[in-house]
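Engineer: All residue numbers for the sequence shown refer to UniProt numbering, where the first residue is 1 and numbers rise by one. Just so you know, even glycine gets a beta-carbon here, dropped at the ideal spot from N, CA and C.
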Amino acid sequence: MKVLLTGADGFIGSHLAEQVVRDGHEVRALVLYNSFDSRGWLDGISDDVAREIEFLPGDIRDPALMMSAVRDRDAVMHLAALIAIPYSYAAPDLYVQTNIQGTVNLLNAARAADVSRFIHTSTSEVYGTARYVPMDEGHPLQGQSPYSASKIAADQMVNSFHTSFGLPTVTIRPFNTFGPRQSARAVIPTIISQLAAGKREVQLGALTPTRDFTYVPDTVAGFTTALTSTAGVGEVINLGVGFEVSIGQTFDLIAEAMGIDATATEDPARLRPANSEVERLFSDNTKAREILGWQPKFDGVDGFREGLRATAEWFTEPAHLARYRTDAYVV
1 MKVLLTGADG
11 FIGSHLAEQV
21 VRDGHEVRAL
31 VLYNSFDSRG
41 WLDGISDDVA
51 REIEFLPGDI
61 RDPALMMSAV
71 RDRDAVMHLA
81 ALIAIPYSYA
91 APDLYVQTNI
101 QGTVNLLNAA
111 RAADVSRFIH
121 TSTSEVYGTA
131 RYVPMDEGHP
141 LQGQSPYSAS
151 KIAADQMVNS
161 FHTSFGLPTV
171 TIRPFNTFGP
181 RQSARAVIPT
191 IISQLAAGKR
201 EVQLGALTPT
211 RDFTYVPDTV
221 AGFTTALTST
231 AGVGEVINLG
241 VGFEVSIGQT
251 FDLIAEAMGI
261 DATATEDPAR
271 LRPANSEVER
281 LFSDNTKARE
291 ILGWQPKFDG
301 VDGFREGLRA
311 TAEWFTEPAH
321 LARYRTDAYV
331 V
């Protein structure tokens, strides 16, 4: 298939770009335009994969460019978004422009190009704190941060283009993906990078909330399955392991995996506003199993440990660790 992949320069997007190329598809990778000609994490991929990618610098907020980007594509895999929750408190307008209007720009372009599949990336944050567990796709949506509110709106726009215009959409809703290349704004890289830099008292946000962490190869497998599956059109599909663990327990597992004796403390600067914190996320992945035939390979505590070990190994490579600021909290 001829695929447009937005957000290809980011964490999940770069892993996905590599896999989609290896699967034999023709990839046009939208990377955020910048004056350094950086392709983000795609700068470090192997030459044999990079040669097969058509790189397109741009911004999903530009509707004319999105029309051009989607033209002649069979499918759109839309991952581009602003995702940092703390920054959404400071710049909510920017999240509306990128996550909502940017998604609408791509939807209009996909409709004009008559694509055969539009895969949209949601987030488990749209559910807010669990009202029941495990959380299926029918769980109420709760915009507990400007980020999550913007993603709820984007999800609804995608659904509206399916119901109103028949656009063949699939909304993939990952739960807390982690792995190599992830931003230190996420908790697992925050822990690993601080420990790898020699800190033995690690500064974190709240330690009691629980998450359902999915190792990035499993998330990528969910997306690639959705690309080629004949099922799932019009559906919202969770990608989660179905394994719940607290941030404090996660810290302990990482320290154990790295063989380090350390403690975690709550840094007030890293705490979300009280009513904005999502206290509990725990997925029901029944639809992913039944509709896509997807199931995580890294499941349960053993799978989580395996993913943590591999992630820690990547971060502790000096060249990788040097790309992270471990001495300051950056929103």
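Should Pro140 go down as buried or exposed, given a rule of 16 or more other Cβ atoms within 10 Å for buried?
Structural biologist: By the 10 Å Cβ count, Pro140 comes out exposed.
Engineer: Let me make sure I understand the geometry here. Which of Phe175, Ile192 and Ile172 has the alpha-carbon closest to that of Arg181?
Structural biologist: Per the Cα distances, Ile192.
Engineer: Tell me which same chain residues have a C-beta within less than 7 Å of the C-beta of Ala8, skipping the five on either side of it?
Structural biologist: Only Ser14, Ala17, Ala29, Leu30, Val31 and Leu42 meet the Cβ criterion.
Engineer: Hey, how far is the Cα of Val126 from the Cα of Ile152?
Structural biologist: In a straight line, the C-alpha of Val126 is about 6 Å away from that of Ile152.
Engineer: Looking at the secondary structure, which residues open and close the beta strand (DSSP E) in which Lys297 lies?
Structural biologist: Counting along the chain, Lys297 falls outside any beta strand (DSSP E), and DSSP gives it neither H nor E.
Engineer: Start and end of the alpha helix (DSSP H) containing Arg173?
Structural biologist: Unbroken run through Arg173 is the beta strand (DSSP E), Thr169 to Pro174; no alpha helix (DSSP H).
Engineer: Please state whether the Cβ-Cβ distance between Gly234 and Thr163 is less than 9 Å.
Structural biologist: Yes. Within cutoff.
Engineer: Tell me the rounded alpha-carbon separation between Ser88 and Tyr329.
Structural biologist: The straight-line gap from Cα to Cα measures roughly 15 Å.
Engineer: Would the region 260-279 count as touching the region 107-121 if we require 3 or more Cβ pairs under 8 Å?
Structural biologist: Segments in contact, no.
Engineer: Measure from the alpha carbon of Leu239 to the alpha carbon of each residue in Leu253, Leu5, Met258 and Arg211, then state which is nearest.
Structural biologist: If we check each option's Cα against that of Leu239, Arg211 comes out closest.
Engineer: For Ala154, which residues from the same chain have a beta carbon less than 6 Å from its beta carbon, with the 5 sequence-adjacent residues on both sides left out?
Structural biologist: Counting only Cβ-Cβ distances below 6 Å, and skipping sequence neighbours, we find Asn99, Ile100 and Thr103.
Engineer: Have a look at Val278 and Thr123 and give me their C-alpha separation to the nearest angstrom.
Structural biologist: Approximately 13 Å, taken between the alpha carbons.
Engineer: So, using beta-carbon positions, are Tyr33 and Asp74 closer together than 9 Å?
Structural biologist: It is not a contact, given that the beta carbons lie outside the stated cut-off.
Engineer: Quick test of your reading: Asp284 and Gly242, contact by CB under 8 Å. State the CB separation rounded to the nearest angstrom.
Structural biologist: Their Cβ separation, rounded to whole angstroms, is 7 Å, which keeps Asp284 and Gly242 in contact under 8 Å.
Engineer: Answer yes or no: do Phe282 and Tyr215 have a C-beta to C-beta separation smaller than 9 Å?
Structural biologist: Not a contact, by the Cβ cut-off of 9 Å.
Engineer: If we require 3 or more residues per run, which beta strand (DSSP E) segments fall completely within the region 67-149?
Structural biologist: Segments of the beta strand (DSSP E) lying fully in the region 67-149: 75-78 and 117-121.
Engineer: What are the start and end residues of the alpha helix (DSSP H) that includes Phe55?
Structural biologist: Note, Phe55: premise wrong, no alpha helix (DSSP H); beta strand (DSSP E) at Ile53 to Gly58.
Engineer: Need the endpoints of the alpha helix (DSSP H) that Gln249 sits in, please.
Structural biologist: Run containing Gln249: Ile247 to Met258, per the alpha helix (DSSP H) assignment.
Engineer: Given that a residue counts as buried once 16 or more other Cβ atoms are within 10 Å of its Cβ, and exposed if not, what is Ala110?
Structural biologist: Burial call: buried.
Engineer: Would you decide whether Ser276 is buried or exposed? Buried here means 16 or more other CB atoms lie within 10 Å of its CB.
Structural biologist: Under this definition Ser276 is a buried residue.
Engineer: Just to check my reading of the structure: Val21 and Ile53 have Cβ atoms closer than 8 Å, yes? What is that Cβ distance to the nearest angstrom?
Structural biologist: Their Cβ separation, rounded to whole angstroms, is 6 Å, which keeps Val21 and Ile53 in contact under 8 Å.
Engineer: Could you please give the first and the last residue of the uninterrupted beta strand (DSSP E) stretch that includes Val236?
Structural biologist: Element bounds for Val236: Val236 to Leu239.
Engineer: Consult DSSP for Arg325 and reduce its assignment to one of helix, strand or coil.
Structural biologist: Correct three-state label for Arg325: coil.
Engineer: Roughly how many whole angstroms lie between the Cα atoms of Ser150 and Leu107?
Structural biologist: So the alpha carbons of these two residues sit roughly 16 Å apart.
Engineer: Mapping DSSP to helix, strand and coil, what is Glu201?
Structural biologist: Three-state DSSP puts Glu201 in a strand.
Engineer: Which residue comes first and which comes last in the beta strand (DSSP E) that contains Arg28?
Structural biologist: Glu26 to Leu32 is the extent of the beta strand (DSSP E) around Arg28.
Engineer: Whose C-beta lies closer than 7 Å to the C-beta of Thr219 among residues of the same chain, with five residues either side of it excluded?
Structural biologist: For Thr219, where only same-chain residues beyond five positions count, the Cβ hits under 7 Å are Ile12, Pro174, Thr177 and Leu239.
Engineer: With DSSP as the reference, label Thr208 as helix, strand or coil.
Structural biologist: Three-state result, Thr208: coil.
Engineer: Given a cut-off of 9 Å on the beta-carbon distance, is the pair Thr190 and Leu204 in contact?
Structural biologist: Yes, Cβ-Cβ distance for Thr190 and Leu204 is below 9 Å.
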